[in-house]
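In this note's numbering, the protein residues as written are 351 to 732. C-beta atoms are modelled at their ideal positions from N, C-alpha and C, and glycine is treated no differently. If you're wondering where the values come from, they're calculated on a predicted model, not measured in any experiment.
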Amino acid sequence: MTTASSRPSALIIGGSLAGLFTGNLLLRSGWDVEIFERSPHDLDSRGGGIVLQPDVVELFRRTGGDVRHLNLGVESRYRTVFRPDGSIQSKHFAPQTQTSWSLIYSLLRSAFGDEHYHQGVALTDLEQDHAAGTVTARFADGSSRTADLLVGADGGNSTVRTLIWPKAKPDYAGYLAWRGLILEEAMPTVARAILHGDFGFANNRGSHILGYLVPGIDNDMRPGHRFYNWVWYRVAPDALLQEILVDRDGQRRIAAIPEGRPAEKWIAYLRQDADSLLPAPFREVVKATPHPFMQAIRDLASDHMVDGRVIVLGDAAAIPRPHTAASTSKAAANALALADALERAPGIDQALARWEPEQVALGKALLRQGMQTGTYLMFHAS
Ligand SMILES: Cc1cc2nc3c(=O)[nH]c(=O)nc-3n(C[C@H](O)[C@H](O)[C@H](O)COP(=O)(O)OP(=O)(O)OC[C@H]3O[C@@H](n4cnc5c(N)ncnc54)[C@H](O)[C@@H]3O)c2cc1C
351 MTTASSRPSA LIIGGSLAGL FTGNLLLRSG WDVEIFERSP HDLDSRGGGI VLQPDVVELF
411 RRTGGDVRHL NLGVESRYRT VFRPDGSIQS KHFAPQTQTS WSLIYSLLRS AFGDEHYHQG
471 VALTDLEQDH AAGTVTARFA DGSSRTADLL VGADGGNSTV RTLIWPKAKP DYAGYLAWRG
531 LILEEAMPTV ARAILHGDFG FANNRGSHIL GYLVPGIDND MRPGHRFYNW VWYRVAPDAL
591 LQEILVDRDG QRRIAAIPEG RPAEKWIAYL RQDADSLLPA PFREVVKATP HPFMQAIRDL
651 ASDHMVDGRV IVLGDAAAIP RPHTAASTSK AAANALALAD ALERAPGIDQ ALARWEPEQV
711 ALGKALLRQG MQTGTYLMFH AS
């Protein structure tokens with residue numbers, strides 16, 4: 351049933367970044383909001399670096415964070431490109447701030463609070479009552495909830511998207527990303543001297559690696575306590591990807607394997623390839639990283655984001671390739687525009703009709719940009 355309150359109500363499926371962006375903004379606009387996250391655990395071990403973009407800073411500002419006093423990331427100074435032999439191909443001053451998935455998640459998670467954040471609850475089905483302007487979510491535990499709006503913020507394999515637009519599926523891009531985090535103080539000496547503090551890159555045939563410093567454990571930004579974050583893109587035919595996606599317990603994963611889960615033979619393979627493809631500082635850092643993890647690179651930009659009172663946003667709607675460094679800021683932009691549209695339009699349906707076209711266009715523009723960059727880096731540059 352809908353709540354007895356006269357306030358509009360939203361059910362958000364997925365309690366990661368897109369879900370928390372939307373939930374925090376709607377809460378502050380006076381909505382009743384419930385977030386349902388499938389994972390029974392806190393998500394803060396997901397790790398990984400993220401380039402801090404203005405939409406994310408704006409989102410913190412609007413959710414009550416005093417951004418002048420929030421330390422949101424670690425600064426890098428130069429962008430340095432290394433040749434495979436370790437010599438420098440180019441170096442230019444391009445300061446930017448890198449943050450981490452964990453930092454954004456933990457700040458927004460505590461801003462939202464626990465009362466309306468439900469862990470271990472997976473959406474399995476939904477039903478709309480178009481006459482009443484409501485939507486009912488059904489969950490794996492047999493429970494159901496009804497509200498004025500349902501937001502699918504449930505990621506690249508979105509159940510909400512699959513239920514409404516089953517043909518909109520991510521396509522494998524033909525390459526994957528091995529990723530890793532290593533404590534700054536555990537970086538091998540040569541790697542630390544050469545890579546530390548800058549945004550580093552290196553290309554080789556079918557291989558593109560980059561790395562930078564990000565906040566450490568519990569968002570620690572003190573020198574010596576941060577992580578070095580690297581992302582190593584490798585061309586891999588689909589058959590190889592499918593083999594890598596079988597984890598160390600023999601379980602098949604859909605598109606990613608988290609820290610500690612890849613089968614041991616793939617870690618050995620990764621370290622062996624580091625010897626032949628990477629310049630010395632990156633080679634050392636990859637080989638010294640205790641728990642690399644893997645993500646297939648996929649393309650998606652849905653033609654639709656609204657169906658009645660059901661919407662999708664974040665990765666559920668569009669997955670730009672990581673070269674754009676824009677997925678998180680796109681999720682923030684989707685949520686900011688939604689909150690603005692709902693505040694300005696006379697009703698929810700009018701707001702959604704205004705919101706959808708620009709957000710679909712944003713997803714498609716980022717998809718094109720990421721495909722162009724990725725195709726060049728992975729299949730033409732070396
Ligand atoms: C290699 C790589 C590098 C990246 N680098 C960057 C970067 O530099 N900058 C950047 O902006 N972004 C980057 N990203 C992308 C970024 O991590 C995501 O775009 C961002 O976190 C937004 O994700 P999301 O919240 O939409 O989806 P997700 O983080 O996938 O969250 C979806 C959530 O929904 C939950 N869920 C799924 N199904 C259900 C269900 N049925 N019921 C309930 N809950 C459900 C899941 O458990 C999950 O918690 C990178 C990604 C990759 C792969």
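Contact between the region 360-370 and the region 456-475 is present: three or more C-beta pairs spanning the two stretches fall below 8 Å. Between Val662 and Val510, the gap from beta carbon to beta carbon is short of 8 Å. Membership of Thr674 in any alpha helix (DSSP H) is not indicated, and neither H nor E is assigned to it by DSSP. Separation of Lys637 and Met644 (C-alpha to C-alpha, rounded to the nearest whole angstrom) is 15 Å. Assignment of Glu609 by DSSP, reduced to helix, strand and coil, places it in the coil class.
The beta carbon of Arg648 is closer than 8 Å to those of Gly506, Pro520, Asp521, Tyr522, Ala523, Ala605, Ile669 in its chain, skipping five residues each way along the sequence.
If you draw a straight line from the Cα of Ala481 to the Cα of Tyr428, it comes to about 57 Å.
Closest option to Leu476, judged by alpha-carbon separation, among Ser493, Gly463, Ala461: Ser493. Distances from the alpha-carbon of Leu533 to those of Leu727, Thr449, Asn553, Phe577 put Phe577 closest. Taken atom to atom, the span from the alpha-carbon of Asp435 to that of Trp528 is near 21 Å. If you look at Asn553, you'll find it in the beta strand (DSSP E) that goes 549-554. Taking 8 Å as the upper bound for CB-CB distance, Glu706 and Met655 are in contact here, some 5 Å apart. Distance from Leu620 to Pro642 at the Cβ level is roughly 6 Å; contact confirmed, criterion being Cβ atoms closer than 8 Å. The straight-line gap separating the alpha-carbon atoms of Gly530 and Ala695 is approximately 44 Å. Beta-bridge partners of Asn579 (DSSP): Leu531, Tyr562. The C-beta of Tyr726 has fewer than 16 other C-beta atoms within 10 Å across all chains shown, which makes the residue exposed. At a threshold of 7 Å, Pro672 counts as near ligand 1, since its beta carbon sits closer than that to one of the ligand's heavy atoms. Counting every other CB atom within 10 Å of its CB across the protein chains shown gives Ile438 a total below 16, marking it as exposed. When rounded, the separation of the alpha-carbon atoms in Pro587 and Glu593 is 10 Å. Per DSSP, the continuous alpha helix (DSSP H) segment holding Ile698 begins and ends at 698-729. Within 7 Å of the C-beta of Val383 there is not a single heavy atom belonging to ligand 1.
DSSP, reduced to helix, strand and coil, places Arg603 outside both helices and strands of the structure shown, so it counts as coil. A residue is called buried when at least 16 other Cβ atoms come within 10 angstroms of its Cβ; Gly380 does not meet this threshold and is exposed.
Burial check for Glu384: the Cβ neighbour count within 10 Å reaches 16 or more, so the residue is buried.
Around the C-beta of Pro612, 16 or more other C-beta atoms lie within 10 Å, and the residue is accordingly described as buried. The Cβ atoms of Val431 and Ala541 lie no closer than 8 Å to each other. As summarised for the region 628-691, the continuous alpha helix (DSSP H) elements at least 4 residues long and confined to that stretch are 630-638, given in chain order.
According to DSSP, Glu387 shares a beta bridge with Gln469. Annotation for Arg378: the continuous alpha helix (DSSP H) segment containing it runs 367-378.
In this structure, Val564 sits near Thr449, with a CB-CB distance shorter than 8 Å.
For the pair Ala701 and Ser626, the Cα-to-Cα distance works out to about 54 Å. Annotated three-state conformation of Ser456 is helix, per DSSP.
In the DSSP assignment, Pro445 falls outside any alpha helix (DSSP H) and within the unbroken beta strand (DSSP E) covering 438-450. Taking the C-beta atoms as reference points, Leu361 is found no nearer than 8 Å to Arg412.
Taking the Cα positions, Leu560 is about 20 Å away from Pro573.
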